[in-house]
Each structure stands twice: as structure tokens, then as C-alpha cells.
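Some notes on the structure that comes next.
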Amino acid sequence: MSLHAYMDKHTHINVCHSIFTSLHVNSLSHTHTHIQ
129 MSLHAYMDKH THINVCHSIF TSLHVNSLSH THTHIQ
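In our numbering, each number is its position in the sequence shown, counted from 1, plus 128.
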């Protein structure tokens with residue numbers, strides 16, 4: 129695997145992880161607000 133391909137794959141994973149994390153945090157804060 130070329131370094132460029134590796135970097136692309138790694139960046140894609142990071143982006144997906146960031147999106148998933150922000151969605152998860154949003155749903156947690158929604159739940160927290162709803163409980164209060």
C-alpha cells in the first residue's frame with residue numbers, strides 16, 4: 129500500500145469517527161436536556 133493511500137484511508141476513518149462522536153455527543157446532550 130502506498131503512503132498516500134494509507135493516509136487517505138486513515139483520514140477517512142478519522143472523519144467517520146469525528147462525525148460519529150459528534151452525533152453521539154449531540155444525542156447525549158439531548159437526552160440530558162430532556163431528563164432535566
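Built from N, CA and C at the ideal position, the CB exists for glycine as well.
No experiment lies behind these values; they were computed from the predicted model shown.
Three-state secondary structure (DSSP) of residue i
| i | result |
| --- | --- |
| residue 157 | helix |
| residue 130 | coil |
Any non-hydrogen atom of the ligand ZN within 7 Å of residue i CB
| i | result |
| --- | --- |
| residue 150 | The ligand ZN is absent from the structure shown, which contains no ligands of any kind. |
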